[in-house]
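A.B. asks: Numbering (my numbering), first residue to last: 1334 to 1516.
Backbone N, C-alpha and C fix where the C-beta goes; we use that ideal spot for every residue, glycine too.
Quick caveat, the model's predicted, so the values are computed rather than measured.
Have a look at this one before I ask anything.
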Amino acid sequence: MPKAKGKNRRQKYSYNVNRKRLYRSARRRAAPRIACSHIRHAWDSSKSVAQNLAEMGLAADPNKAVPIPKKKLAVSAPGWGGSCAACFPPWLHNVSVLCLEMEYEASLPEKKSNTLSRDLIDYVWYMIQNHGENYKEMARDEKNYYQDTPKQIKRKINVYKNFYPEEYKDFVASLKQEKMDVQ
């Protein structure tokens, strides 16, 4: 297939490129950052991947580490339970400290990271404070910037109730207290 005309010009040096940044980004892409801190600290760059993983007690190739058995075994195989030492087959009893650290870290309870945005919380508070349980009134409110329908507003309030049930109860109780004080 013939080349397009005028495409065989020599490359000109680009003065607008930051060569230092280009070199750094190329190095970063060539050797990616290991996400697991335990593995990252135990990694020896002078050794191969297979050697590093074998030293840590991890398998480089899962097919070689745990081969598929020829016969079908019973549903619950003995020795494949609780600890890290038991999760390896008998020929891989070289359990390292790294494996135990990773197992301990995995057994820790996970922190709840899901939460609602501050804007949504303020929006729900404003609507409940000014309109109570009247969703049609909320839909006509000037602060309903996204033009939510009454059902959408009700859903947002229910999401807030599910995320923060204690805070919602306290908020509604304080509103009732304010109404009592006004009367």
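1. With a threshold of 16 other CB atoms inside 10 Å of the CB of K1486, please say whether the residue is buried or exposed.
2. Taking 9 Å as the cut-off, decide whether the C-beta atoms of K1489 and D1481 are in contact.
3. Excluding the five sequence neighbours on either side, which residues of its own chain have a C-beta within less than 8 Å of the C-beta of S1379, listed in chain order?
4. If you follow the alpha helix (DSSP H) that A1375 is part of, which residue opens it and which one closes it?
5. Classify P1365 as helix, strand or coil using the three-state DSSP reduction.
6. Hey, is the segment 1339-1357 in contact with the segment 1385-1400, meaning 3+ C-beta pairs nearer than 8 Å?
7. So for W1424, helix, strand or coil by DSSP?
8. Which first and last residues belong to the alpha helix (DSSP H) in which D1481 is found?
9. Tell me the DSSP secondary structure of Y1501 in three-state form.
10. To which residues of the same chain is L1425 closer than 6 Å at the C-beta, ignoring the five residues directly before and after it?
11. What three-state label does DSSP hand E1436 in the structure shown?
12. Tell me which residues share the same chain as Y1501 and place their Cβ nearer than 8 Å to its Cβ, disregarding the 5 neighbours each side in the sequence.
13. Does the segment 1362-1373 come into contact with the segment 1432-1449, if we say contact requires no fewer than three beta-carbon pairs (one atom in each stretch) closer than 8 Å?
14. Please name the residue in K1403, S1446 and V1505 whose C-alpha comes closest to that of V1457.
15. Helix or strand or just coil, what does DSSP make of W1413?
16. Closer than 8 Å by C-beta to K1445: which residues in its own chain qualify, once you throw out the five before and the five after it? Chain order, please.
17. Would you decide whether E1513 is buried or exposed? Buried here means 16 or more other CB atoms lie within 10 Å of its CB.
C.D. replies: Concretely, from the data shown:
1. Reading off the sequence shown, one finds Ile at residue 1486, where the question assumed Lys. It is buried - the Cβ of I1486 has at least 16 other Cβ atoms within 10 Å.
2. yes
3. none
4. S1370 to A1375
5. coil
6. no
7. Because the pLDDT of W1424 is 45, which lies under 50, any placement of that residue in the model is unreliable, and the number read from its coordinates should be weighed accordingly. Looking at W1424 - three-state DSSP - the assignment turns out to be helix.
8. Note, D1481: premise wrong, no alpha helix (DSSP H); not H, not E.
9. helix
10. Note that L1425 has pLDDT 49, beneath the 50 cutoff, so the model's placement of it is unreliable and no number is given.
11. helix
12. Y1493 and K1494
13. Yes, the segment 1362-1373 is in contact with the segment 1432-1449.
14. V1505
15. Note that W1413 scores 48 on pLDDT, short of 50, meaning its location in the model is unreliable; the coordinates nonetheless yield the value given after this. Coil.
16. none
17. Note on identity: in this sequence residue 1513 is Met, with Glu being the wrong assignment. With fewer than 16 other Cβ atoms within 10 Å, it is exposed.
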